[in-house]
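Numbering (my numbering), first residue to last: 12 to 211.
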């Protein structure tokens, strides 16, 4: 007998509930299961994910310093990878190596680490994922793109202005039209706006 995916999920959910009741809290605390599919809330229990945008703590963009560097006695060479060019505002990572930003409009939020940039927005022209338009896109330093359904949650974002920033080996150029992320090493990246995402 072949069961539909919906029926398999219901059986799996019922099995998990039954095993939790029978096994007791001591055994359940060390177990986990992964069930494919999309969670659906029972009427009256609220949304399955936080509503968009999610409330989150914010911090302000660090002000650029106006101190002049000391004169160098060594020959002039290329700047080190950790020193952003003049006029570029550095965004320091958290203790896990992530930088979290929010655009000036408040519509797009992104997380940045050395290998990837992932952004969440109510995109108007994104591909379908499980029958819904994706609200997340990420690009790796190698240029691999992935569209997802998800929610970044209550991340501690820094609100960026329409300026140029540096974070974890990525140059970020924010404009009214959108935000461009370019990996400093590979030059792969993406331009993100609500209307479109262009990768390169």
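All C-beta atoms in this analysis are idealised placements derived from N, C-alpha and C, irrespective of residue type, glycine included.
Asked: Below 7 Å between beta carbons: does that hold for residue 120 and residue 113?; Found: yes
Asked: Taking the Cβ atom as the reference point for each residue, do residue 166 and residue 185 lie within a distance shorter than 7 Å?; Found: no
Asked: Rounded to a whole number of angstroms, what is the C-alpha to C-alpha distance between residue 207 and residue 196?; Found: 25 Å
Asked: Quick one: what does DSSP say residue 149 is sitting in, helix, strand or coil?; Found: strand
Asked: Taking residue 208 as part of the beta strand (DSSP E), name the residues at either end of that continuous run.; Found: 208-210
Asked: How many Å lie between residue 163 and residue 148 at the Cα?; Found: 11 Å
Asked: So, residue 128 versus residue 150, is the Cβ gap smaller than 7 Å?; Found: yes
Asked: My parser needs the beta strand (DSSP E) runs of 3 or more residues fully inside the region 120-201; what are they?; Found: 120-123, 127-131, 147-151, 156-159, 168-170, 175-178, 181-185, 190-194
Asked: Beta carbon of residue 162: closer than 6 Å to some heavy atom of the ligand ZN?; Found: Among the components modelled here there is no ligand, and therefore nothing to report on the ligand ZN.
Asked: Does the Cβ of residue 156 have 16 or more other Cβ atoms within 10 Å, making it buried, or fewer, making it exposed?; Found: exposed
Asked: Alpha carbon to alpha carbon, how far is residue 211 from residue 133? Give it in angstroms, no decimals.; Found: 21 Å
Asked: Please name the residue in 182, 99, 190, 153 whose C-alpha comes closest to that of residue 278.; Found: Since the first residue shown for the chain is 12 and the last is 211, residue 278 is missing from the structure and cannot be characterised.
Asked: Is the Cβ-Cβ distance between residue 101 and residue 179 less than 7 Å?; Found: no
Asked: Which word fits residue 136, buried or exposed, when buried means at least 16 other C-beta atoms lie within 10 angstroms of its C-beta?; Found: exposed
Asked: Once DSSP output is grouped into helix, strand and coil, what is the label at residue 58?; Found: Summary for residue 58: the model assigns pLDDT 43, below 50, so the residue's position carries little reliability, and this model does not support an answer.
Asked: When burial is assigned at 16 or more other CB atoms within 10 Å of the CB, is residue 194 buried or exposed?; Found: buried
Asked: In the DSSP assignment, find the unbroken beta strand (DSSP E) run with residue 110 in it and report its ends.; Found: 110-113
Asked: For residue 177 versus residue 95, is the C-beta distance shorter than 7 Å?; Found: yes
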